[in-house]
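Quick note on my numbering: the sequence shown kicks off at 28 and runs consecutively. Where is the CB? At the ideal position from N, CA and C, for every residue including glycine. Keep in mind it's a predicted model, so treat the numbers as computed, not measured.
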Amino acid sequence: MSCGGHRPDASRMSQIAVGSADFAIGVGDLTLVTVGLGSCVAIVLHDAESRVGALAHVLLPHAAHTSGVHAAGKIASSAVPAMLQQMRAEGSTGEVQARLVGGASMFAPLLRQGAMSIGARNVQACRLACAHHGIPIVGEAVGGERGRSVRFEVRTGRLAIRTVLGPDLVL
Numbered sequence: 028m029s030c031g032g033h034r035p036d037a038s039r040m041s042q043i044a045v046g047s048a049d050f051a052i053g054v055g056d057l058t059l060v061t062v063g064l065g066s067c068v069a070i071v072l073h074d075a076e077s078r079v080g081a082l083a084h085v086l087l088p089h090a091a092h093t094s095g096v097h098a099a100g101k102i103a104s105s106a107v108p109a110m111l112q113q114m115r116a117e118g119s120t121g122e123v124q125a126r127l128v129g130g131a132s133m134f135a136p137l138l139r140q141g142a143m144s145i146g147a148r149n150v151q152a153c154r155l156a157c158a159h160h161g162i163p164i165v166g167e168a169v170g171g172e173r174g175r176s177v178r179f180e181v182r183t184g185r186l187a188i189r190t191v192l193g194p195d196l197v198l
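Structure follows, in structure tokens:
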């Protein structure tokens, strides 16, 4: 398992918190968690056969919105291939499927008429990155105007979603 390029000691932890613009890889009984998804999107990749998974907390839709060098998890087009590469290194050999969570329009009243929110652009970029790598998206909880947090249990593939002032959901 790895987290943003470094390897925490898995024997002493059962959960990894994934921060904004970062990603983590997990194997077996590990749980990957990210909180505070507003316009950001969590990309969850899972190989059920090998019990290897990944979670990225994508911050921006495109590299054009960044200045200089950026963390691989910051944008979808770099997060997906980085996660796939590290999942393969951890033993992923089966089909990888994706789920997306987040992409809320947190400031909808402030948008110009007809403008696409950063959340919607993040969702679009995540869908394109998955399609580019041939990864089917098998579940989504995206859009709306409320923030979310997720808990991804790698062994089972269970993805629990908590929505601010809204219902909990499992994908």
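What are the boundary residues of the alpha helix (DSSP H) that residue i is part of?
| i | result |
| --- | --- |
| Arg115 | Ala103 to Ala116 |
| Arg78 | Element bounds for Arg78: n/a, residue is neither H nor E. |
So, does the CB of residue i fall closer than 8 Å to a CB anywhere in chain C?
| i | result |
| --- | --- |
| Gly65 | Among the chains of the structure shown, chain C does not appear; only one protein chain is present. |
Going by beta carbon distance, what residues of the same chain come within less than 6 Å of residue i, once the five residues before and after it are set aside?
| i | result |
| --- | --- |
| Ser104 | Ala156 |
| Val169 | Leu127, Gly130 and Val150 |
| Ser132 | Ser144, Gly146 and Glu172 |
| Val107 | Ala156 and His160 |
| Arg189 | Ser176 and Asp195 |
Roughly how many whole angstroms lie between the Cα atoms of residue i and residue j?
| i | j | result |
| --- | --- | --- |
| His160 | Pro194 | 32 Å |
| Ala125 | Arg115 | 15 Å |
| Ala109 | Ala187 | 24 Å |
| Arg148 | His73 | 23 Å |
| Glu122 | Ile164 | 12 Å |
| Lys101 | Glu167 | 20 Å |
Hey, is residue i close to the ligand MN, as in C-beta under 7 Å from one of its heavy atoms?
| i | result |
| --- | --- |
| Asp49 | You won't find the ligand MN in this model; it holds no ligand whatsoever. |
What do you get for residue i, buried or exposed, if any count of 16 or more other CB atoms within 10 angstroms of its CB means buried?
| i | result |
| --- | --- |
| Gly63 | exposed |
| Ala90 | exposed |
Tell me which residues share the same chain as residue i and place their Cβ nearer than 7 Å to its Cβ, disregarding the 5 neighbours each side in the sequence.
| i | result |
| --- | --- |
| Cys153 | Val68, Ile70, Val85, Ala103 and Leu127 |
| Gly32 | Any reading at Gly32 needs caution, since the residue's pLDDT is 46, under 50, leaving its predicted position unreliable; the model's value is listed next. If we look at Gly32 and ignore the five residues flanking it on each side, it has no Cβ neighbours. |
With DSSP as the reference, identify every bridge partner of residue i, one or two as the case may be.
| i | result |
| --- | --- |
| Leu59 | Ile43 and Phe179 |
| Thr120 | Note: Thr120 sits in no beta bridge, so no partner. |
| His73 | Gly80 and Gln124 |
Tell me which same chain residues have a C-beta within less than 8 Å of the C-beta of residue i, skipping the five on either side of it?
| i | result |
| --- | --- |
| Gly55 | Arg78, Val181 and Arg182 |
| Ser41 | Asp56, Leu57 and Thr58 |
| Gly184 | His73, Ala75 and Gly80 |
With respect to the beta strand (DSSP E) encompassing residue i, which residues constitute its N-terminal and C-terminal limits?
| i | result |
| --- | --- |
| Ala51 | Phe50 to Val54 |
| Val165 | Ile164 to Val169 |
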